[in-house]
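Asker: Let me give you the structure first, and then I'll get to my questions.
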Amino acid sequence: MKQYHKHPEEVTTAGIEDIESMLLLNDKIYPKEWHVSPEYIKEIMLRNPEVYKVLKTPAGVKGIYGLFPLDKGDYTAVLEGKLEENEVGKFVLNYTNPTTVYLYLVTIIVDIHDDQRKEYASTLIKDIPLELKRLKEKGIDIKEIGAFAVSTEGEKILPKIGFDYLGEKVVLDNKEYPVFRAKLENIIHKIKI
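Residue numbers for the sequence shown follow the working numbering, so the first one is 2 and each next one is one higher.
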């Protein structure tokens with residue numbers, strides 16, 4: 002496998018052993034309604050062990066992003082709010098056979114309470130095009146990447162990394178969130194490594 006990272010120890014594919022540290026970060030940053038169980042994360046990792054990337058430090062996981070490969074129908078359902086976050090894991094595809102996928106950026110999070118949060122965010126974001134290139138080289142046909150922003154920071158970051166807001170919104174738990182979409186080339190072009 003071709004290695005894209007200058008420092009492969011910085012951002013790695015998350016394993017089952019990382020779940021506890023991932024959830025500590027997730028629960029520290031996100032409100033209670035966005036918390037998930039260790040079993041849920043493990044179920045997703047068993048379906049596809051390549052969906053979560055983590056930035057590890059000696060103090061634990063300081064950043065996470067997750068790209069869930071879905072078929073078009075499930076992807077559309079997620080972005081329209083018809084498929085709940087706590088159910089989407091059942092529909093995650095694996096990368097065993099090259100296939101066409103729509104990637105749902107389920108999370109991108111850094112420890113905002115850490116003094117090095119800007120460096121962590123930069124390192125994590127710079128890994129995204131590397132991961133997309135890796136998947137493409139593996140024979141995965143990525144049609145689109147979609148996300149919704151649950152914070153004002155997310156609304157600012159997503160356009161900077163190649164996502165477009167086309168006026169779509171999703172309603173989750175009686176709150177409205179903007180939906181963002183991107184093509185693989187836009188993200189690779191926008192994020193400078």
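Glycine is no exception: its CB is placed at the ideal position from the N, C-alpha and C atoms.
None of the values given here were measured: they were computed from a predicted structure.
1) Measure the alpha-carbon distance for E154 versus L47 and round it to whole angstroms.
2) Mind checking K54: buried by the 16 CB within 10 Å criterion, or exposed?
3) So the candidates are E186, F92, G64; which of them puts its Cα closest to the Cα of L133?
4) Whose C-alpha, out of E81, P59, G74, P130, is nearest the C-alpha of G67?
5) In terms of residues, what are the limits of the beta strand (DSSP E) holding V151?
6) Would you mind sorting G163 into buried or exposed? The rule is 16 or more other CB atoms within 10 Å of its CB.
7) Can you tell me which of K161, P179, Y96, I126 puts its alpha carbon nearest to the alpha carbon of S152?
8) When we look at the beta-carbon of I17 and count the other beta-carbons within 10 Å, is it buried (16 or more) or exposed?
9) Kindly indicate which three-state DSSP category A183 falls into: helix, strand or coil?
10) To which residues does DSSP link V55 through a beta bridge?
11) State the Cα-Cα distance for the pair I141 and L94, rounded to the nearest angstrom.
Answerer: Reading off the structure:
1) For the purposes of this step, residue 154 is taken as residue 153 along the sequence shown, with counting starting at 1. For the purposes of this step, residue 47 is taken as residue 46 along the sequence shown, with counting starting at 1. So the two alpha carbons sit approximately 31 angstroms from each other.
2) By one-based count along the sequence shown, residue 54 stands at place 53. By the 10 Å Cβ count, K54 comes out buried.
3) As a first step, residue 133 is located in the sequence shown; it is residue number 132 there, counting from the start. Nearest option by C-alpha distance: E186.
4) As a position in the sequence shown, residue 67 is number 66, starting the count at 1. Residue P130 holds the alpha-carbon nearest to the alpha-carbon of G67 among E81, P59, G74, P130.
5) Within the sequence shown, numbered from 1, the residue matching residue 151 stands at position 150. That residue, V151, is in no beta strand (DSSP E); it is neither H nor E in DSSP.
6) Numbered from 1 along the sequence shown, position 162 holds the residue referred to as residue 163. That one is buried.
7) In the sequence shown, the residue the question calls residue 152 occupies position 151. Of K161, P179, Y96, I126, the residue nearest in Cα terms is P179.
8) For the purposes of this step, residue 17 is identified with residue 16 of the sequence shown, where counting begins at 1. I17 is exposed by the Cβ-count criterion.
9) As a position in the sequence shown, residue 183 is number 182, starting the count at 1. Strand at A183.
10) Position 54 of the sequence shown, counted from the start, is the residue given in the question as residue 55. According to DSSP, residue pairing for V55 in a beta bridge involves T13, I65.
11) Your numbering for residue 141 matches position 140 in the sequence shown. Your numbering for residue 94 matches position 93 in the sequence shown. Their backbone Cα atoms lie some 11 angstroms apart in a straight line.
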